[in-house]
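K.L.:
I have a structure I would like to understand better, so I am pasting it below and will then ask my questions one at a time.
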Amino acid sequence: MAKRLIPLLNRVLVEKIVPPSKTHAGILLPEKATKLNSGKVVAVGAGIRGKEGNLIPVSVNEGDTVLLPDYGGTQVKLGDKEYLLYRDEDILGTLHE
Amino acid sequence: MAKRLIPLLNRVLVEKIVPPSKTHAGILLPEKATKLNSGKVVAVGAGIRGKEGNLIPVSVNEGDTVLLPDYGGTQVKLGDKEYLLYRDEDILGTLHE
Amino acid sequence: MAKRLIPLLNRVLVEKIVPPSKTHAGILLPEKATKLNSGKVVAVGAGIRGKEGNLIPVSVNEGDTVLLPDYGGTQVKLGDKEYLLYRDEDILGTLHE
Amino acid sequence: MAKRLIPLLNRVLVEKIVPPSKTHAGILLPEKATKLNSGKVVAVGAGIRGKEGNLIPVSVNEGDTVLLPDYGGTQVKLGDKEYLLYRDEDILGTLHE
Amino acid sequence: MAKRLIPLLNRVLVEKIVPPSKTHAGILLPEKATKLNSGKVVAVGAGIRGKEGNLIPVSVNEGDTVLLPDYGGTQVKLGDKEYLLYRDEDILGTLHE
Amino acid sequence: MAKRLIPLLNRVLVEKIVPPSKTHAGILLPEKATKLNSGKVVAVGAGIRGKEGNLIPVSVNEGDTVLLPDYGGTQVKLGDKEYLLYRDEDILGTLHE
Amino acid sequence: MAKRLIPLLNRVLVEKIVPPSKTHAGILLPEKATKLNSGKVVAVGAGIRGKEGNLIPVSVNEGDTVLLPDYGGTQVKLGDKEYLLYRDEDILGTLHE
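For the protein sequence lines, the chains are Y, U, R, G, A, B and V, in the order given. With the UniProt record's numbering as the guide, the letters of the first sequence map in order to residues 1 to 97. With the UniProt record's numbering as the guide, the letters of the second sequence map in order to residues 1 to 97. With the UniProt record's numbering as the guide, the letters of the third sequence map in order to residues 1 to 97. With the UniProt record's numbering as the guide, the letters of the fourth sequence map in order to residues 1 to 97. With the UniProt record's numbering as the guide, the letters of the fifth sequence map in order to residues 1 to 97. With the UniProt record's numbering as the guide, the letters of the sixth sequence map in order to residues 1 to 97. With the UniProt record's numbering as the guide, the letters of the seventh sequence map in order to residues 1 to 97.
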């Protein structure tokens, strides 16, 4: 019975990617290798309005893998899952393989 | 004899949703399960005016269930009920089943 | 010989509504029941000018009953009466029966 | 040999009205009765320029009686007289009999 | 071999007027009589550019006698003389006999 | 399996140039000679949007050698390499032989 | 093998003029005579962009002798020489014989 959140304005809902601390074979990974602070975009707002009422869309899309800042973001719990809500301009970039 | 409040500018009047702390059967719910800070939109302002006098409407509607920030909001008592007044841009998102 | 004040720009002159602390029958009312911070709009300014010189009118009218913020406002004494002067954007909403 | 000051931009030169502390008959007035902080506009600037170079005129005129804020204003002595210089937006309103 | 300074943007170069502390006959003047903080405009900048690149000229002219604020201004020594450099908006007004 | 980062808005991804602390012949260089804080631009964002929705491109290009400010920048680790993420306006200049 | 720096946006690269502390004949000059904080413009940025994307050029040119503020500026070492990097709006004026 988890609720669905549609962010307002230029907010972006992100599910944090928790890097594995062990390999599949069970070898512990050093902390340094797991340092990238990234997440998956779950939902985006419609954007903010410019001075003339024009809508400026958010610069990431649902499904994007994004690089997150080390600080900031608002914790939101929907059902069992923890998410983070960011302002569009606080997300650092998109990550690609 | 409760008064009705029409918020000014981009303010939004919200009635907080107090999550049940017990199930219907009387089982106490752990605090974690009741963490979502949400409310029901009771009334919205007409919006603020842009630089050219154009009206920028509020981004939520009466009846919406909204996710509220942990801090902020102005307490307003109308008749017997407590409400909270937020600026449009401080409301985090809308919640849907 | 009371003077009349015409507020400048987007200022609003308000006469505070002091809620009765007793009923007509003389019963003392509990403090909680008298909590609403409201006033009557006595005079409004012409509004501020936008970037292009266009006048943006004040969002309340003379005679409106308004909800006031808990802090702020400038005390003004005209004749025997005490008034409060607010910026338009600081008034929270209008109250209706 | 008093100099004349023409204020720049949206500044307003005001001569403070010192309320009588006694009546004509010599009766001392209580402090409360003399509380209104008012002045007479002596000179006004040409106004500030908007983003497009258009001149936004000052909202008071020479000769207006104005309500002054309790703090602020720059003291200026011209000849024997003390004046106060305010920014247009700091003057609270105009006073009328 | 004094250098000449052309101020940039909306800066104004002012030579302070030091009021005489004695009369011609050698009588010491009381401090009160010498209080006006004024100067002579020696050079003005071309003005700052508005949002659309239009030049907004400075509101004083070379040769104007101006009223200066009590604080602020950058001291500049050119040859033997001390000058003060102000932003256009910090000059309070022009003085006329 | 290093990830590729596409910066958002006007952010610029920079790989810092670590100046050699010895010459090829193994002579230690004094600290003063190695002082220039520079980097290579690895990726740039699409730019920020102006008030009317127009895109203002970033002022550096991929491959540029840039002069970096002494403070600021966000550390990002992609694969084995450390990068720095700057806002376009914080980069001081481009360096050329 | 000195590098050449092209400043970004409205930055200006300045080589400070160190006034001689002795005359040619070796006489020590008093500190007062050497007080002017000036420099030579070595390179200028292309300017910043206005709200509509139009380029607002820098108000000084390469080769100008400029008056510098007492504080601020970023030290940059290129080859053997020390330079200072200023924002266009921080330079006080141009100096002419």
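We put the CB at the ideal spot given by N, CA and C, even for glycine. Keep in mind it's a predicted model, so treat the numbers as computed, not measured.
Does the pairing of the region 81–94 of chain U with the region 33–53 of chain R give three or more beta-carbon distances under 8 Å?
P.N.:
Contact between the region 81–94 of chain U and the region 33–53 of chain R is absent, because fewer than three Cβ pairs lie under 8 Å.
K.L.:
Can you look up T34(A) in the DSSP assignment and give me helix, strand or coil?
P.N.:
Walking along the fifth sequence from the start, residue 34(A) turns up at place 34. Confidence is the limiting factor: at T34(A) the pLDDT is only 49, short of 50, which leaves the residue's position unreliable and the question unanswerable from this model.
K.L.:
Under 8 Å, with one C-beta from each stretch per pair, do the region 10–18 of chain V and the region 42–55 of chain V reach the 3-pair mark?
P.N.:
With the cut-off at 8 Å, the region 10–18 of chain V and the region 42–55 of chain V touch.
K.L.:
Answer yes or no: does any C-beta atom of chain R fall closer than 8 Å to that of L93(G)?
P.N.:
By one-based count along the fourth sequence, residue 93(G) stands at place 93. Residue 93(G) is actually Gly in this sequence, not Leu. With 8 Å as the cut-off, G93(G) counts as an interface residue toward chain R.
K.L.:
Mapping the DSSP letters down to three states, classify E62(A) as helix, strand or coil.
P.N.:
Taking the fifth sequence and counting its residues from 1, one reaches residue 62(A) at position 62. Here E62(A) sits in coil by DSSP.
K.L.:
For G93(B), count neighbouring Cβ atoms within 10 angstroms of its own Cβ and tell me buried if that reaches 16, exposed if not.
P.N.:
Numbered from 1 along the sixth sequence, position 93 holds the residue referred to as residue 93(B). Buried, because 16 or more other Cβ atoms sit within 10 Å of the Cβ of G93(B).
K.L.:
Quick one, which of T74(U), V18(U), G39(U), G26(U) has its alpha-carbon nearest N61(U)'s?
P.N.:
Working through the second sequence from its first residue, we reach residue 61(U) at position 61. Ranking the options by Cα distance to N61(U), first place goes to G39(U).
K.L.:
Shorter than 8 Å from the beta carbon of I56(R) to some beta carbon of chain G?
P.N.:
Looking up residue 56(R) in the third sequence gives position 56. No, because no Cβ of chain G sits closer than 8 Å to the Cβ of I56(R).
K.L.:
Measure from the alpha carbon of T74(R) to the alpha carbon of each residue in G50(G), L67(G), R4(G), R87(G), then state which is nearest.
P.N.:
For the purposes of this step, residue 74(R) is taken as the residue at position 74 of the third sequence. For the residues G50(G), L67(G), R4(G), R87(G), the minimum Cα distance to T74(R) belongs to L67(G).
K.L.:
Could you tell me the distance, in whole angstroms, from the CA atom of S88(B) to the CA atom of K3(R)?
P.N.:
Within the sixth sequence, numbered from 1, the residue matching residue 88(B) stands at position 88. Within the third sequence, numbered from 1, the residue matching residue 3(R) stands at position 3. Checking the sequence shown, residue 88(B) turns out to be Asp, not Ser. Approximately 57 Å, taken between the alpha carbons.
K.L.:
Use the C-beta contact count for L95(Y): other C-beta atoms within 10 angstroms, 16 or more gives buried, fewer gives exposed.
P.N.:
Position 95 of the first sequence, counting from 1, holds the residue named residue 95(Y). Its Cβ being crowded by 16 or more others within 10 Å, L95(Y) is buried.
K.L.:
Kindly list the residues whose CB is nearer than 7 Å to the CB of L55(V), restricted to its own chain and excluding five residues on each side of it in sequence; keep chain order.
P.N.:
If you number the seventh sequence from 1, residue 55(V) lands on position 55. A46, G47, R49.
K.L.:
Residues in the region 62–75 of chain B with C-beta within 8 Å of chain Y's C-beta atoms, listed in sequence order?
P.N.:
Residues T74.
K.L.:
Tell me which residue opens and which closes the beta strand (DSSP E) that Y83(G) is part of.
P.N.:
Mapped onto the fourth sequence, residue 83(G) falls at position 83. Its beta strand (DSSP E) spans residues 81–87.
K.L.:
Ignore the nearest five residues each way along the sequence and tell me which others in D90(V)'s own chain have a CB closer than 7 Å to its CB.
P.N.:
Residue 90(V) sits at position 90 when you count from the first residue of the seventh sequence. Hits under 7 Å: P69, G72.
K.L.:
Which residues in chain U sit within 9 Å of R52(Y), going by Cβ to Cβ distance?
P.N.:
Within the first sequence, residue 52(Y) is the residue found at index 52, counting from 1. Inspection of the sequence shows that residue 52(Y) is occupied by Glu rather than by Arg. Those within 9 Å of E52(Y) in chain U are G50, K51, E52, N54.
K.L.:
Below 9 Å on C-beta distance, what does L84(A) contact in chain G?
P.N.:
Residue mapping note: residue 84(A) aligns to position 84 of the fifth sequence, counting from 1. Correct list: empty, because the minimum Cβ distance to chain G is about 16 Å.
K.L.:
Going by the beta-carbon positions, is the gap between K51(Y) and K51(B) smaller than 8 Å?
P.N.:
As a position in the first sequence, residue 51(Y) is number 51, starting the count at 1. As a position in the sixth sequence, residue 51(B) is number 51, starting the count at 1. Yes, the Cβ-Cβ distance between K51(Y) and K51(B) is below 8 Å.
K.L.:
Of the residues I6(G), V58(G), E97(G), G79(G), which one's Cα is nearest the Cα of T65(G)?
P.N.:
For the purposes of this step, residue 65(G) is identified with residue 65 of the fourth sequence, where counting begins at 1. The residue with the shortest Cα to Cα distance from T65(G) is E97(G).
K.L.:
Is it right to say A25(A) is buried, meaning 16 or more other beta carbons lie within 10 angstroms of its own, or is it exposed?
P.N.:
As a working note, residue 25(A) is residue 25 in the fifth sequence. So A25(A) counts as exposed.
K.L.:
Which word fits V18(A), buried or exposed, when buried means at least 16 other C-beta atoms lie within 10 angstroms of its C-beta?
P.N.:
Counting from one through the fifth sequence, the residue named residue 18(A) turns up at place 18. By the neighbour-count rule (16 or more Cβ atoms within 10 Å), V18(A) is not buried but exposed.
K.L.:
Can you name the residues that DSSP bridges to K40(R)?
P.N.:
The count along the third sequence starts at 1 and reaches residue 40(R) at position 40. Its beta-bridge partners are E15(R), T65(R).
K.L.:
Please confirm if E15(R) has its CB atom under 8 Å from at least one CB of chain U.
P.N.:
As a first step, residue 15(R) must be located in the third sequence, where it is residue number 15. By this cut-off, E15(R) is not an interface position.
K.L.:
Could you please give me the residues that DSSP links to G93(V) through a beta bridge?
P.N.:
For the purposes of this step, residue 93(V) is taken as the residue at position 93 of the seventh sequence. Partner(s): P7(A), L67(V).
K.L.:
Going along chain A, which residues have a C-beta under 8 Å from R4(G)?
P.N.:
In the fourth sequence, the residue the question calls residue 4(G) occupies position 4. The answer, in chain order, is L95, H96, E97.
K.L.:
Taking the C-alpha atoms as reference points, what is the distance between P7(A) and V58(A)?
P.N.:
Working through the fifth sequence from its first residue, we reach residue 7(A) at position 7. Working through the fifth sequence from its first residue, we reach residue 58(A) at position 58. Cα to Cα, P7(A) sits roughly 11 Å from V58(A).
K.L.:
DSSP three-state label for K51(U), please.
P.N.:
Mapped onto the second sequence, residue 51(U) falls at position 51. Coil, per DSSP.
K.L.:
Starting from L36(U), find everything on chain Y with Cβ-Cβ shorter than 9 Å and list it in chain order.
P.N.:
Counting from 1 along the second sequence, the entry for residue 36(U) is found at position 36. The answer, in chain order, is K3, V76, K77, L78.
K.L.:
Note down, in chain order, every chain U residue with its Cβ under 9 Å from the Cβ of R87(Y).
P.N.:
As a working note, residue 87(Y) is residue 87 in the first sequence. Those do not exist, as R87(Y) stays about 10 Å from chain U at its closest Cβ, beyond 9 Å.
K.L.:
Check whether the Cβ of A20(G) lies closer than 8 Å to any Cβ atom in chain A.
P.N.:
Taking the first residue of the fourth sequence as position 1, residue 20(G) is located at position 20. At residue 20(G) the sequence reads Pro, which differs from the Ala that was named. With 8 Å as the cut-off, P20(G) does not count as an interface residue toward chain A.
K.L.:
In three-state DSSP terms, what is I56(U)?
P.N.:
As a first step, residue 56(U) must be located in the second sequence, where it is residue number 56. It is a strand residue.
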